[in-house]
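Structure first, commentary second.
Protein chains: 2
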Amino acid sequence: MAAVDLTTHPGHLARRLQQAHYLLWNTMVSEEITSPQFAVLNALVAEPGLDQRTAGERVGLDRSTIAEVISRLGRRGLVDKVRDPQDGRRFLLRPTDEGVRTHRKLTVRTARMNQVFLAPLTAAEQTVFFDLIRRVADAAEGLRNPAEPLVAQGG
Amino acid sequence: MAAVDLTTHPGHLARRLQQAHYLLWNTMVSEEITSPQFAVLNALVAEPGLDQRTAGERVGLDRSTIAEVISRLGRRGLVDKVRDPQDGRRFLLRPTDEGVRTHRKLTVRTARMNQVFLAPLTAAEQTVFFDLIRRVADAAEGLRNPAEPLVAQGG
DNA sequence: TGGGTATCGTCAGTACACCAACGAATTCGA
DNA sequence: TCGAATTCGTTGGTGTACTGACGATACCCA
């Protein structure tokens, strides 16, 4: 009888939210390209020539995961990957023509899906929704990434 | 230049939120037991004797995933699994004594973690946060689970 | 200029999370 | 009562997502 109510647990809610989104994406956007793949493609359309690590940072994926996503995008012919002649450790990534076309097509569908997904909320609530989630996620990421210790007093 | 701003995409935010939660869970709650495992354990403490499918429904996991989670909980000796003598298709699940103890311990830590996780929000904002996410997730799950078609007119 | 350090990408291991297909058990219907 | 349809759990396949360890490359500095 000591069980807790999971509907007040942000982690559980986040998981359910993500799964619900996954299902809707699959039916309304694409069964081939996943949401993380689209995010990476989007980052490369915005900034062609990113290396893997930076691309991962842009969308919030670690080095291992971005490598797998890039590999799948490459397999589909949506992204090109070439060694950086200036720095042999890096791979430079850029979308292919096909990748740009796919990105354009999915952008339209994603916008439609987001409308359906957020339909339960008023426009004002949607703004709050984004703001609250972003603040919580940013703060939690900040706990992991000490970024600027500023004064870094105490210990 | 046709790239979109992902900070207004609920799917992307949901993923980031979940990852941020995952990291905090790992450092503040447990490196052994994951958040989904705790959710399942919690469901079994609340309702001992659930079968796998129903347990999965309680926490929002499909049959394949709940099977793996149960297998890990069983391997750790936290959950017992016996065939239902009334219905040979089912396995009845209940937490072991060790499982109950672990659940109790993690409940305390989880509460602490949630406080840290939600610290960027005021108490009022936290309420809104839960409400908005729950409404969006419920609605999206409803799209997949026609549950009660009621009148089901049109097509 | 050579060696220590840092960075990039990869690989192995673990854990969700979905779908589709399958066998076993049960239930429903003719 | 016997066969069809349903339900439960498993299996195989794909795709995130993290950690830790590793080799290759680059950088920094004595």
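Which chain is which? The protein sequence lines are R and Y, in order. Note that the working numbering has the first sequence beginning at -4, numbered continuously upward. Note that the working numbering has the second sequence beginning at -4, numbered continuously upward. For every residue, glycine included, the Cβ atom is placed at its ideal position computed from N, Cα and C. Note that this is a predicted model, so its numbers are computed, not measured.
{"Query": "Name the chain Y residues whose beta carbon is nearer than 9 Å to that of R:SER59?", "Result": "Within 9 Å Cβ-Cβ: nothing; R:SER59 doesn't reach chain Y, min ~13 Å."}
{"Query": "Please classify Y:LEU1: does DSSP put it in a helix, a strand, or coil?", "Result": "helix"}
{"Query": "Compare the C-beta of R:GLU93 with all C-beta atoms of chain Y and state if any pair is closer than 8 Å.", "Result": "no"}
{"Query": "Closest Cβ-Cβ distance between Y:SER25 and chain R: below 8 Å?", "Result": "no"}
{"Query": "What in chain Y is Cβ-close to R:ALA9, meaning under 8 Å?", "Result": "ALA9, LEU12, GLN13, HIS16 and ILE128"}
{"Query": "Give every residue of the same chain whose Cβ lies closer than 8 Å to the Cβ of R:LEU19, excluding the five residues on either side of it in the sequence, and list them in chain order.", "Result": "MET108, VAL111 and PHE112"}
{"Query": "With 16 as the cutoff for other CB atoms within 10 Å, does Y:GLN32 come out buried or exposed?", "Result": "buried"}
{"Query": "Do we get a CB-CB distance below 8 Å when we pair R:ALA134 with the residues of chain Y?", "Result": "yes"}
{"Query": "Measure the beta-carbon distance from Y:LEU88 to Y:ASP79 and round it to whole angstroms, keeping in mind my assumption that it falls under 8 Å.", "Result": "About 10 Å; that fails the 8 Å criterion."}
{"Query": "In the DSSP output, which residue or residues are listed as bridge partners for R:ARG89?", "Result": "R:ASP75"}
{"Query": "Please list, in chain order, the chain R residues whose beta carbon lies closer than 9 Å to that of Y:ALA50.", "Result": "Neighbours of Y:ALA50 on chain R: none; closest Cβ ~13 Å, over 9 Å."}
{"Query": "Can you list the alpha helix (DSSP H) stretches of 4 or more residues lying completely in the segment 38 to 84 of chain R, in chain order?", "Result": "47 to 54 and 58 to 70"}
{"Query": "Kindly list the residues whose CB is nearer than 7 Å to the CB of R:THR91, restricted to its own chain and excluding five residues on each side of it in sequence; keep chain order.", "Result": "GLY72, LEU73, VAL74 and ASP75"}
{"Query": "In its own chain, which residues sit with a C-beta less than 7 Å from the C-beta of R:ALA34, not counting the 5 before and 5 after it?", "Result": "VAL54"}
{"Query": "Could you check how far apart the C-beta atoms of Y:GLN47 and Y:ILE65 are, in whole angstroms? I think they sit under 8 Å.", "Result": "6 Å"}
{"Query": "Any idea what DSSP makes of Y:THR97, helix, strand or coil?", "Result": "helix"}
{"Query": "For the putative contact between R:SER25 and R:LEU127, defined by C-beta atoms under 8 Å, what is the C-beta separation to the nearest angstrom?", "Result": "So it is not a contact: roughly 28 Å between Cβ atoms."}
{"Query": "Spell out whether any CB of chain Y is found under 8 Å from the CB atom of R:PHE125.", "Result": "yes"}
{"Query": "Exposed or buried, what is R:ARG70 when buried is set at 16 or more other beta-carbons lying within 10 Å of its beta-carbon?", "Result": "exposed"}
{"Query": "Would you identify the three-state DSSP class for Y:SER30, choosing helix, strand or coil?", "Result": "helix"}
{"Query": "To the nearest angstrom, how far is the alpha carbon of Y:VAL(-1) from that of R:GLU52?", "Result": "16 Å"}
{"Query": "Just the Cα atoms here: how many angstroms apart are R:ARG85 and R:THR60?", "Result": "16 Å"}
{"Query": "To the nearest angstrom, report how far apart R:LEU12 and R:PRO115 are at their CA atoms.", "Result": "13 Å"}
{"Query": "Any beta carbon from chain R within less than 8 Å of Y:ARG67's own beta carbon?", "Result": "no"}
{"Query": "Starting from the C-beta of Y:LEU8, find all residues in its chain whose C-beta is less than 6 Å away, skip the five residues before and the five after it, and write them out in chain order.", "Result": "none"}
{"Query": "State yes or no: is the C-beta of R:ARG78 nearer than 7 Å to some heavy atom of the ligand SAM?", "Result": "You won't find the ligand SAM in this model; it holds no ligand whatsoever."}
{"Query": "Given this structure, state the Cα-to-Cα distance separating R:VAL123 from R:GLN14, to the nearest angstrom.", "Result": "21 Å"}
{"Query": "Could you name the residues of the same chain whose beta carbon sits closer than 8 Å to that of Y:ALA38, not counting the 5 residues immediately before and after it, in chain order?", "Result": "LEU45, ALA50, ARG53 and VAL54"}
{"Query": "Check whether the Cβ of R:THR102 lies closer than 8 Å to any Cβ atom in chain Y.", "Result": "yes"}
{"Query": "Is it buried or exposed for Y:GLY137, if we count other Cβ within 10 angstroms and need 16 for buried?", "Result": "exposed"}
{"Query": "Starting from the beta carbon of Y:ARG99, find every residue of chain R whose beta carbon is closer than 7 Å, and list them in chain order.", "Result": "ALA(-3)"}
{"Query": "For chain Y, check one thing: does any of its Cβ atoms lie closer than 8 Å to the Cβ of R:VAL74?", "Result": "no"}
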